[in-house]
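Visitor: Residue numbers (our numbering): 2 to 516.
Think of the CB as a built atom: it goes at the ideal place given N, C-alpha and C, for glycine as much as any other residue.
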């Protein structure tokens, strides 16, 4: 008798994912194939990684990022499974299948909207304030909604019909915004409310109220093995792989196009290294002046102490700064990228060396701190990732010229959402709406009607107000449908659709946009 049939927990991990004429014999590999065949996966090639590729010439987008996360995640999983000392612990915690990890990594960014994290913030604000959706918008929750509800490539009528193990592995933050796991003494990463928006629920989450039943079903095989709020081991592997890929490849892109300059990064890290004690003694108010080299890095050190005291260590932080300065600043950034073979080889050495180093530092803990999953980076590598991500944030994301560029993208998305809402409200145009948008309204209306009848408390927002009657439910449905529709576009499609709706396009109507 096959092993899965004799072990209820293993069989539960495989629930669903069967019934279609898949090419792969393994249900987990069939999951991976369904994800890569999805149009939502293909669209990631036109979705921003950090800033719009069309405007910057960057080589990475959400598709290439997802492929690299999958590569790193599988390498981590295979390494952990091959370790004879670790394998029994992995099995005790619910398992770590490399195919599950790879599938989850490929799916983890399916819900990213146009223009990356900027688009995520804009759609969340519009969803909460314009449409009164209690759980707003979140890219991770949108990914879970796609694989369970919106996509239609599985043998069932909704979603991709993935196994429980893969669906659970996609849940990086396994709770909803306003309803979630039982209270615990120290909120896990992402569970706390954003400091600039009190009363809005968790800052990061992986499930909307409309998918709570799918969330419960996916997590059922892990009941008794993991706390309700804890990632599965496979989700934890994917999460670490995402951090590793993000820390390395975005820096390469911005050096390639000349945005990441040697001098300011060298000054920041070098000044801090030269006077660690002096920076540590500075009053908090003085660190606000980020134009003075070393101040921003010292502010990071203090934030890590406040947020991640379970892991941060000053000597490890200083060692990480030294390594990043030597291998990124004084090596890779010291020579401007000129497209030569030597420059590409330098990229290859940096990427391969750092990826291998960080993957080798990944290990498993039976009883991790609340702020971590069971799979985590070693102390040394964790600090190195924090410093690499700091360089990216401080010298790319906080640039004023990037802010100017992104304000235009935010306005574009806001105007597009408003235009689609107006179209939905026009009763004379009801029969001429995009078919996809009409389908999404019908889907959301059925979902919210069911919730209003059976679980009305899930539709109550942070203000304590819920939808009133049919009009309220229909309003929620239309809002969710517009958000779902816009979130499914590429950067170029969002721009082209707004041009068409504004009457400014020069393209023929049949070529302007595929609705």
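1. What residue from 49, 256, 498 has the CA that sits closest to residue 418's CA?
2. From this set, 262, 480, 485, which residue's C-alpha is nearest residue 131's C-alpha?
3. In the DSSP output, which residue or residues are listed as bridge partners for residue 224?
4. In the DSSP assignment, find the unbroken alpha helix (DSSP H) run with residue 375 in it and report its ends.
5. Among the candidates 95, 150, 487, 114, whose CA atom is the shortest distance from the CA of residue 448?
6. Are at least three pairs of beta-carbons, each pair with one atom in the region 69-88 and one in the region 134-150, less than 8 Å apart?
7. Alpha carbon to alpha carbon, how far is residue 106 from residue 232? Give it in angstroms, no decimals.
8. Under the criterion of a Cβ to heavy atom distance below 7 Å, does residue 28 qualify as lining the ligand FAD?
9. Indicate whether the contact test is met: 3 or more Cβ pairs, each with one atom in the region 248-261 and one in the region 274-294, closer than 8 Å.
10. Helix, strand or coil for residue 364 per DSSP?
11. Assuming residue 414 contacts residue 487 under a Cβ cut-off of 8 Å, what Cβ separation, rounded to an integer in Å, is found between them?
12. Do residue 161 and residue 36 have their C-beta atoms within less than 8 Å of each other?
13. Between 154, 119, 166, 152, which lies nearest to residue 138 when the distance is taken from Cα to Cα?
14. For residue 208, write down the residues that DSSP places opposite it in a beta bridge.
15. Is the region 92-99 in contact with the region 291-310, if contact means three or more CB pairs nearer than 8 Å?
16. Which whole-angstrom value describes the C-beta separation of residue 62 and residue 50, a residue pair presumed to lie in contact below a C-beta threshold of 8 Å?
17. Using only alpha-carbon positions, find the residue among 405, 169, 113 that is nearest to residue 42.
18. Evaluate the contact criterion for the region 325-340 versus the region 351-366: three or more CB pairs, one atom per stretch, below 8 Å.
19. Do you know whose CA, among 109, 179, 70, 491, lies nearest residue 250's CA?
20. Between which two residues does the alpha helix (DSSP H) carrying residue 521 extend?
21. Return the chain-ordered list of same chain residues with a C-beta closer than 6 Å to the C-beta of residue 344, the five sequence neighbours on each side being excluded.
22. Below 8 Å, how does it come out for the region 368-382 and the region 232-245: are there three or more Cβ pairs, yes or no?
23. Less than 7 Å between C-beta atoms, sequence neighbours within five positions excluded: which residues of the same chain meet that for residue 153?
24. With 16 as the cutoff for other CB atoms within 10 Å, does residue 311 come out buried or exposed?
25. Taking the straight line between their C-alpha atoms, what separation do you get for residue 201 and residue 179?
26. Going by other Cβ atoms of all chains shown within 10 Å of its Cβ, with 16 needed for buried, is residue 451 buried or exposed?
27. Could you give the DSSP three-state label for residue 416: helix, strand or coil?
28. Report the residue from 166, 117, 209 whose alpha carbon sits nearest the alpha carbon of residue 143.
29. Quick one: residues in its chain with C-beta nearer than 7 Å to the C-beta of residue 237, no 5 flanking neighbours on either side, listed in chain order?
30. Just reading off the alpha helix (DSSP H) that residue 87 is part of, what are its end residues?
31. Which residue's Cα is closest to the Cα of residue 305: 437, 429, 390?
32. Going by the CB atoms, is the gap between residue 174 and residue 206 shorter than 8 Å?
33. State the start and end residues of the unbroken alpha helix (DSSP H) segment that holds residue 251.
34. Taking the runs of the alpha helix (DSSP H) that are 4 residues or longer, which of them lie wholly in the region 307-340?
Guide: In short:
1. Stepping through the chain shown from its first residue, residue 418 is reached at position 417. The option with the nearest alpha carbon to residue 418 is 498.
2. Translated into positions along the chain shown, residue 131 becomes position 130. Cα-wise, what sits closest to residue 131 is 480.
3. Within the chain shown, residue 224 is the residue found at index 223, counting from 1. Note: residue 224 sits in a beta bridge opposite 227.
4. One-based indexing of the chain shown puts residue 375 at position 374. Run containing residue 375: none; DSSP gives neither H nor E here.
5. On the chain shown, residue 448 is found 447 positions in, with the first residue counted as 1. Residue 150 is the option with its Cα nearest to residue 448.
6. no
7. In the chain shown, residue 232 corresponds to position 231, counting from 1. In the chain shown, residue 106 corresponds to position 105, counting from 1. C-alpha separation (whole angstroms): 14 Å.
8. This structure lacks the ligand FAD; in fact it carries no ligand of any kind.
9. no
10. Locating residue 364 in the chain shown gives position 363, counting from the first residue. Residue state, collapsed to three classes: strand.
11. Start at 1 with the first residue of the chain shown, and residue 414 comes out as number 413. Start at 1 with the first residue of the chain shown, and residue 487 comes out as number 486. Indeed, because the Cβ distance is near 7 Å, the residues count as touching under 8 Å.
12. Looking up residue 161 in the chain shown gives position 160. Looking up residue 36 in the chain shown gives position 35. In contact: residue 161 and residue 36 (Cβ atoms closer than 8 Å).
13. Taking the chain shown and counting its residues from 1, the one referred to as residue 138 is at position 137. Residue 119 is the option with its Cα nearest to residue 138.
14. Looking up residue 208 in the chain shown gives position 207. DSSP output for residue 208 lists 177 as bridge partner(s).
15. no
16. Working through the chain shown from its first residue, we reach residue 62 at position 61. Working through the chain shown from its first residue, we reach residue 50 at position 49. That pair is a contact at about 5 Å.
17. The sequence position of residue 42 within the chain shown is 41, counting from 1. For residue 42, the nearest C-alpha among the options comes from 113.
18. yes
19. The sequence position of residue 250 within the chain shown is 249, counting from 1. When only C-alpha atoms are compared, the closest one is 70.
20. The displayed coordinates of the chain run from 2 to 516. Any statement about residue 521 would go beyond what the structure contains.
21. Your numbering for residue 344 matches position 343 in the chain shown. Closer than 6 Å at the Cβ level, and outside the excluded window around residue 344, lie 338.
22. yes
23. Here residue 153 corresponds to residue number 152 of the chain shown, with the count starting at 1. 159.
24. As a working note, residue 311 is residue 310 in the chain shown. The residue is exposed, with fewer than 16 neighbouring Cβ atoms inside 10 Å.
25. Sequence index remark: in the chain shown, residue 201 carries index 200 (1-based). Sequence index remark: in the chain shown, residue 179 carries index 178 (1-based). Near 8 Å, if we compare the C-alpha coordinates of residue 179 and residue 201.
26. Mapped onto the chain shown, residue 451 falls at position 450. Exposed, because fewer than 16 other Cβ atoms sit within 10 Å of the Cβ of residue 451.
27. The residue given as residue 416 occupies position 415 in the chain shown. Reduced to three states, the DSSP call for residue 416 is helix.
28. Counting from 1 along the chain shown, the entry for residue 143 is found at position 142. It is 209 whose Cα lies nearest to the Cα of residue 143.
29. The residue labelled residue 237 in the question sits at position 236 within the chain shown. 374, 375, 376, listed in sequence order.
30. For the purposes of this step, residue 87 is taken as residue 86 along the chain shown, with counting starting at 1. Element bounds for residue 87: n/a, residue is neither H nor E.
31. Here residue 305 refers to the residue found at position 304 when the chain shown is read from its first residue. For residue 305, the nearest C-alpha among the options comes from 390.
32. Taking the chain shown and counting its residues from 1, the one referred to as residue 206 is at position 205. Taking the chain shown and counting its residues from 1, the one referred to as residue 174 is at position 173. In this structure, residue 174 lies closer than 8 Å to residue 206 by Cβ.
33. As a first step, residue 251 must be located in the chain shown, where it is residue number 250. From DSSP, the alpha helix (DSSP H) with residue 251 extends over 234-257.
34. 315-325
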